[in-house]
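**Student:** The opening residue of the sequence shown carries number 0 in numbering that gives the first Met the number 0; numbering runs sequentially from there.
Note that beta-carbon positions come from the ideal geometry of N, C-alpha and C, so glycine has one too.
My questions all concern the structure below.
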Amino acid sequence: MENYLYRFRSAHRLLGNDDVTLGNIFLGELKTQQIYFASTEELNDPLEGFKSVHWRGDFIIWKNLIKHYLICHARQYLKTHDNDETLASQTTIDINCTIEDFDSELQVAIAEICQHFFSAPLIEDYINIICRNNRIVQKNELEVHFQFFHPITRHIIQTIFHKHGFLNDTHLPKGPAPTHYFGPIIQTVKIASKISDAALGVFFTETLYNFLTHTALSNNWKNSIRTRNVADMYVGLHFPQEFCNALERLMYPSWYVACFMKSCEDASIWGTYGDGHKGICLKYKVEASDEKMFINLKLPPLQQNSSESNSWSSLFFYKVDYGKGHPETNFFVSMARIPKTDLVRYWYKGDNNDVSICKSWYQSLGTANPNMHIENFTHSFTCKLKAWKKEQEYRLVLDDFAYDIANKSSRTVTYSLDNLDGVIFGIRTPLEQKLRTLDIVKELCIGNNIEINVYQAYFDRTDNTIRYYKIQNLNI
Numbered sequence: 000m001e002n003y004l005y006r007f008r009s010a011h012r013l014l015g016n017d018d019v020t021l022g023n024i025f026l027g028e029l030k031t032q033q034i035y036f037a038s039t040e041e042l043n044d045p046l047e048g049f050k051s052v053h054w055r056g057d058f059i060i061w062k063n064l065i066k067h068y069l070i071c072h073a074r075q076y077l078k079t080h081d082n083d084e085t086l087a088s089q090t091t092i093d094i095n096c097t098i099e100d101f102d103s104e105l106q107v108a109i110a111e112i113c114q115h116f117f118s119a120p121l122i123e124d125y126i127n128i129i130c131r132n133n134r135i136v137q138k139n140e141l142e143v144h145f146q147f148f149h150p151i152t153r154h155i156i157q158t159i160f161h162k163h164g165f166l167n168d169t170h171l172p173k174g175p176a177p178t179h180y181f182g183p184i185i186q187t188v189k190i191a192s193k194i195s196d197a198a199l200g201v202f203f204t205e206t207l208y209n210f211l212t213h214t215a216l217s218n219n220w221k222n223s224i225r226t227r228n229v230a231d232m233y234v235g236l237h238f239p240q241e242f243c244n245a246l247e248r249l250m251y252p253s254w255y256v257a258c259f260m261k262s263c264e265d266a267s268i269w270g271t272y273g274d275g276h277k278g279i280c281l282k283y284k285v286e287a288s289d290e291k292m293f294i295n296l297k298l299p300p301l302q303q304n305s306s307e308s309n310s311w312s313s314l315f316f317y318k319v320d321y322g323k324g325h326p327e328t329n330f331f332v333s334m335a336r337i338p339k340t341d342l343v344r345y346w347y348k349g350d351n352n353d354v355s356i357c358k359s360w361y362q363s364l365g366t367a368n369p370n371m372h373i374e375n376f377t378h379s380f381t382c383k384l385k386a387w388k389k390e391q392e393y394r395l396v397l398d399d400f401a402y403d404i405a406n407k408s409s410r411t412v413t414y415s416l417d418n419l420d421g422v423i424f425g426i427r428t429p430l431e432q433k434l435r436t437l438d439i440v441k442e443l444c445i446g447n448n449i450e451i452n453v454y455q456a457y458f459d460r461t462d463n464t465i466r467y468y469k470i471q472n473l474n475i
């Protein structure tokens, strides 16, 4: 029994553009036999890859997380104000950086920044509230804490870097001194000391998060009126939220997906993924082994062999599970992308060489179930809400832990024409696009001595679905 999967494409992406007058000439995916692996940001579901991450740990690891925030903030501030315009425009946080990534003079300055921050009034009291009774902190609350810290850390970074000669006088802090920003922290410490752990979570995630979110929106709007450096605005206003988002990169690889479907019968699917029924659907023959479907692709090299060229290999399809919940994951015991030596040195060890309880949690989890982290990662890219159930999706996935796919171009892979059963025209596919498709199909068939079927979709009134029939006598 043959197995088929379907992939909807717009005519523009599938056929490309060979008209000089339209500009941006490129070969389409049909002629080049290519499948593009999209990032989660390019997908239409904003919850793609959502992970239910929380933060639960003791004083040691919370202090080290805040120290990591200070280091990343300092590094981002230096990048933003670098004389190299290309570097200054970058807004991606170097979330993997450590103090060892700086030269010796900068290390001295950053150590002074950290010392200055942690010696500030009530900072240790505030950290003790965060980690009280090893309570669970959700992401919204985490953002609240860093929003509180951010103006203080920014002021300290500017002051210390100027003192050490890394910034000129134009970068001296123009706002109020750090003591001005301790008001909210003092008030928070007073309130938090009087309420339960459960009420504390609500206080942070609802009351303060909503207030700070609205304040940030107002600040963004006010700053958008002025002519400002986008990267400077980013590090000045957006950094706390982006830092919290970037932390996930310490847990799991970035992943990229090519989406297929079990069926092409749903009219609404044609309406969305099929470009309002004007697109074209590719019908693929896929192989199966032990109830798992796979396809042979010319994949990018593995990370350990990044100098090698692309090579043919089998890639299995993952079936999407609709309605499956997201696993709860404690960030502090899931930082699998950090080398173990760095994990102990910069995260699990305190100032006096005392060790965080999270180290024993991490070790016990690893011993009990070494595959749990991989299972949670797989779970994150194979679950979607029930609202998407009609997609009946199967997906191919590449991640940047296994494959060298840093560049967008490296995420476009080649498939064998032996796997392409045919193309299906939508009900509204324009005649011009059909004729261009037939030209390409004929060229592929003659050049590779194969047969590619051509189908036409139609509306079946008997069961209100989209069916398709094979177009005969094309002489391709």
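Please identify the residue among Gln362, Gln302, His170 whose C-alpha is closest to the C-alpha of alanine 401.
**Tutor:** Counted from its first residue, the sequence shown places residue 401 at position 402. With distances taken between Cα atoms, alanine 401 lies closest to Gln302.
**Student:** Are the stretch 258-267 and the stretch 401-416 touching by the rule of at least three beta carbon pairs closer than 8 angstroms?
**Tutor:** Flag = no, the stretch 258-267 and the stretch 401-416 do not touch.
**Student:** In terms of residue numbering, what span does the beta strand (DSSP E) encompassing glutamine 471 cover?
**Tutor:** Translated into positions along the sequence shown, residue 471 becomes position 472. Neither: glutamine 471 is in no beta strand (DSSP E) and is coded neither H nor E.
**Student:** Taking threonine 428 as the reference, give the member of Phe7, His53, Lys318, Glu1 with the closest Cα.
**Tutor:** As a working mapping, residue 428 is identified with position 429 in the sequence shown. That would be Phe7, whose Cα lies nearest to the Cα of threonine 428.
**Student:** For asparagine 490 and glutamate 450, I'd like the C-alpha separation in whole angstroms.
**Tutor:** This structure does not reach residue 490, given that the chain is present from 0 up to 475, and the question cannot be answered.
**Student:** Measuring alpha carbon to alpha carbon, tell me which of Pro239, Tyr393, Val440 ends up nearest proline 150.
**Tutor:** To locate residue 150, count along the sequence shown from 1; it is residue 151. Taking only the C-alpha atoms, the option nearest proline 150 is Pro239.
**Student:** What does DSSP give as the partner residue(s) for asparagine 295 in the beta ladder?
**Tutor:** Start at 1 with the first residue of the sequence shown, and residue 295 comes out as number 296. BP columns for asparagine 295 point to Ser313.
**Student:** Can you tell me the Cβ-Cβ gap for isoleucine 128 and tryptophan 61, rounded? I've got them flagged as a contact below 8 angstroms.
**Tutor:** Residue 128 sits at position 129 when you count from the first residue of the sequence shown. Residue 61 sits at position 62 when you count from the first residue of the sequence shown. 10 angstroms between Cβ atoms; not a contact.
**Student:** So what does isoleucine 475 bridge to, in DSSP terms?
**Tutor:** Sequence index remark: in the sequence shown, residue 475 carries index 476 (1-based). Looking at the DSSP assignment, isoleucine 475 forms no beta bridge with any residue, so it has no partner.
**Student:** Histidine 53 lies in the beta strand (DSSP E); which residues open and close that run?
**Tutor:** The residue given as residue 53 occupies position 54 in the sequence shown. From DSSP, the beta strand (DSSP E) with histidine 53 extends over 51-54.
**Student:** How about tyrosine 283 and asparagine 418: are their beta carbons less than 8 angstroms apart?
**Tutor:** Translated into the one-based positions of the sequence shown, residue 283 becomes position 284. Translated into the one-based positions of the sequence shown, residue 418 becomes position 419. Taking 8 angstroms as the Cβ cut-off, tyrosine 283 and asparagine 418 qualify as a contacting pair.
**Student:** Might you give, ordered along the chain, the residues of its own chain that have their beta carbon closer than 7 angstroms to the beta carbon of glutamate 111, omitting 5 neighbours on each side?
**Tutor:** Position 112 of the sequence shown holds residue 111. Here the set comprises Ile159.
**Student:** Rounded to the nearest angstrom, what separates isoleucine 224 and tyrosine 68 at their Cα positions?
**Tutor:** Against the sequence shown, residue 224 aligns to sequence position 225. Against the sequence shown, residue 68 aligns to sequence position 69. Because the pLDDT of isoleucine 224 is 41, which lies under 50, any placement of that residue in the model is unreliable, and the number read from its coordinates should be weighed accordingly. Those two C-alpha atoms are separated by around 29 angstroms.
**Student:** Since glycine 421 sits in a beta bridge, which residues does DSSP pair it with?
**Tutor:** As a first step, residue 421 must be located in the sequence shown, where it is residue number 422. In DSSP, glycine 421 forms a bridge with Lys282, Asn452.
**Student:** Taking the C-alpha atoms as reference points, what is the distance between phenylalanine 203 and glutamate 104?
**Tutor:** The count along the sequence shown starts at 1 and reaches residue 203 at position 204. The count along the sequence shown starts at 1 and reaches residue 104 at position 105. So the alpha carbons of these two residues sit roughly 38 angstroms apart.
**Student:** If isoleucine 156 and alanine 245 are in contact, beta carbons under 8 angstroms, what's the gap, nearest whole angstrom?
**Tutor:** Within the sequence shown, residue 156 is the residue found at index 157, counting from 1. Within the sequence shown, residue 245 is the residue found at index 246, counting from 1. No, isoleucine 156 and alanine 245 are not in contact; Cβ-Cβ is about 18 angstroms, not under 8 angstroms.
**Student:** Please confirm whether methionine 371 and methionine 250 have their CB atoms less than 8 angstroms apart.
**Tutor:** Here residue 371 refers to the residue found at position 372 when the sequence shown is read from its first residue. Here residue 250 refers to the residue found at position 251 when the sequence shown is read from its first residue. No, the Cβ-Cβ distance between methionine 371 and methionine 250 is not below 8 angstroms.
**Student:** State the Cα-Cα distance for the pair tryptophan 254 and phenylalanine 316, rounded to the nearest angstrom.
**Tutor:** Position 255 of the sequence shown holds residue 254. Position 317 of the sequence shown holds residue 316. Tryptophan 254 and phenylalanine 316: Cα-Cα distance of roughly 14 angstroms.
**Student:** Between the C-alpha atoms of tryptophan 387 and histidine 276, what's the straight-line distance to the nearest angstrom?
**Tutor:** Working through the sequence shown from its first residue, we reach residue 387 at position 388. Working through the sequence shown from its first residue, we reach residue 276 at position 277. Roughly 19 angstroms between the two C-alpha positions.
**Student:** One question on the structure: do phenylalanine 165 and alanine 108 come within less than 8 angstroms of each other, judged by their Cβ atoms?
**Tutor:** To locate residue 165, count along the sequence shown from 1; it is residue 166. To locate residue 108, count along the sequence shown from 1; it is residue 109. Cβ atoms of phenylalanine 165 and alanine 108: closer than 8 angstroms.
**Student:** At the level of alpha carbons, what is the spacing between valine 354 and leucine 342?
**Tutor:** Residue numbering aside, residue 354 sits at position 355 when the sequence shown is read from its first letter. Residue numbering aside, residue 342 sits at position 343 when the sequence shown is read from its first letter. Whole-angstrom Cα-Cα distance: 11 angstroms.
**Student:** Apply the 10 Å Cβ neighbour rule to proline 120 and answer buried if 16 or more other Cβ atoms are within range, or exposed otherwise.
**Tutor:** The residue labelled residue 120 in the question sits at position 121 within the sequence shown. With fewer than 16 other Cβ atoms within 10 Å, it is exposed.
**Student:** Take serine 262 as the anchor and find which of Phe293, Tyr468, Tyr393, Glu140 has the nearest alpha-carbon.
**Tutor:** Reading the sequence shown from its first residue, position 263 is the one you call residue 262. Nearest C-alpha to serine 262: Tyr393.
**Student:** Does the beta-carbon distance from threonine 436 to isoleucine 279 come in below 8 angstroms?
**Tutor:** Position 437 of the sequence shown, counted from the first residue, corresponds to residue 436. Position 280 of the sequence shown, counted from the first residue, corresponds to residue 279. Closer than 8 angstroms, so yes.
**Student:** How is tyrosine 272 classed by DSSP in three states: helix, strand or coil?
**Tutor:** By 1-based counting over the sequence shown, the position of residue 272 is 273. Tyrosine 272 falls in the coil class under three-state DSSP.
**Student:** How long is the line joining the alpha carbons of glycine 270 and histidine 53, rounded to whole angstroms?
**Tutor:** By one-based count along the sequence shown, residue 270 stands at place 271. By one-based count along the sequence shown, residue 53 stands at place 54. Spanning the two alpha carbons is a distance of roughly 38 angstroms.
**Student:** Given this structure, state the Cα-to-Cα distance separating glutamate 327 from threonine 413, to the nearest angstrom.
**Tutor:** The sequence position of residue 327 within the sequence shown is 328, counting from 1. The sequence position of residue 413 within the sequence shown is 414, counting from 1. If you take the alpha carbons of glutamate 327 and threonine 413, they lie about 36 angstroms apart.
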